[in-house]
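The block underneath contains the structure these notes are about, expressed in structure tokens.
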Amino acid sequence: MKNLLKFYLFLTAFFLAVTCVQAQTTSLPKKESNIDLALGMGENSSFSYALSWNTSYGMFSTNKFRLGYGLRFSGFTGSDLNYITAPADLTGDDATIDTLLVNSPHTMGLSALVNLQYQFSSKFKLGFNIDVIGLGFGSSSDATFISSENTGQYPQTLESSPSSFNLLLVGDNDLGQLKSEFYIAYALSEKTWLRGGMDMTFSEYTTAQELTNANDRFRAKPVMVFLAISYNPFTK
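Residue numbers (mature numbering (1 follows the signal peptide of the UniProt record, and there is no 0)): -23 to -1, 1 to 213.
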């Protein structure tokens, strides 16, 4: 994963160097809307997918700095993943962190997102987006509870389900499944963009009963690389 991150940083630096010497020949649109399909991969057979609708608006006279919003349906799967204690009031102390081993996790979310972009030219842009609020869902899964304090008062194997509410509160205060992407994008045509970069998805499960420290929420934070294709149906 570290090598992938280094490669991505190299690509970012390369594209920035190229765009710094390119002349701006085409005026940038004030408003853009697009449909976007993204697929990501990471360690432990981690896989993410997302379908979104995004609208962005150019700011200031150049329209290079862009703010936007959208709606995203996303999913995350993996294999034998460790989900650790999620609540922020417990994660600050190693003694209060437990582990939930989920054999075949599959969490999904439907959330509103915000998007920030800087468009260097008609061909290249750099951006970041993140889910803000929405709903989480997915299939229930049997999980293994791992805790040094479990001396029989808690079941070792128990049912868990994806957390049902997604809310961006920053860091470990977050709730549910939230996806964020840092990306570079290249225009294949006037209507079509190719995006690539880093995907961080917060995937969260809620157990059927409270466990140690009265906790029932566990989270995985995989970092993946992704590719996406964006299409603007309104570009003439």
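We put the beta carbon where it would ideally sit given N, CA and C, even for glycine.
If residue i sits next to residue j, beta carbons under 8 Å apart, how far is it from one beta carbon to the other, in whole angstroms?
i, j, result
"T183", "S138", "6 Å"
"S33", "R43", "4 Å"
"N31", "N127", "Rounded, the Cβ-Cβ distance is 44 Å, inconsistent with contact."
Span of the alpha helix (DSSP H) holding residue i?
i, result
"T39", "T39 -> no alpha helix (DSSP H), and no H or E assigned at all."
"A65", "A65 to T68"
How would you label residue i, buried or exposed, when you count the other beta carbons within 10 angstroms and need 16 or more for buried?
i, result
"N150", "exposed"
"M85", "buried"
"M201", "buried"
"E136", "exposed"
"P210", "exposed"
"V79", "buried"
"D13", "buried"
"L146", "exposed"
"G19", "buried"
"L188", "buried"
"S22", "exposed"
"M175", "buried"
Locate the beta strand (DSSP E) running through residue i, then write down its first and last residues.
i, result
"L197", "In the sequence on display, residue 197 carries Ala and not Leu. First-last of the beta strand (DSSP E) with A197: R194 to A197."
"P139", "T134 to P139"
"E9", "K8 to M18"
"A120", "S118 to I123"
"I107", "F101 to G115"
"S88", "H83 to Q96"
Any C-beta of chain B sitting closer than 8 Å to the C-beta of residue i?
i, result
"L5", "Structure shown: chain B not included; a single protein chain is present."
Could you name the residues that DSSP lists as bridge partners for residue i?
i, result
"L165", "Answer is none; L165 lacks a bridge partner."
"N31", "N11 and G47"
*Taking 8 Å as the threshold, find out whether the stretch 98 to 106 comes into contact with the stretch 160 to 168 through three or more Cβ pairs.*
yes
Three-pair Cβ contact test at 8 Å for the stretch 68 to 79 versus the stretch 164 to 171
no
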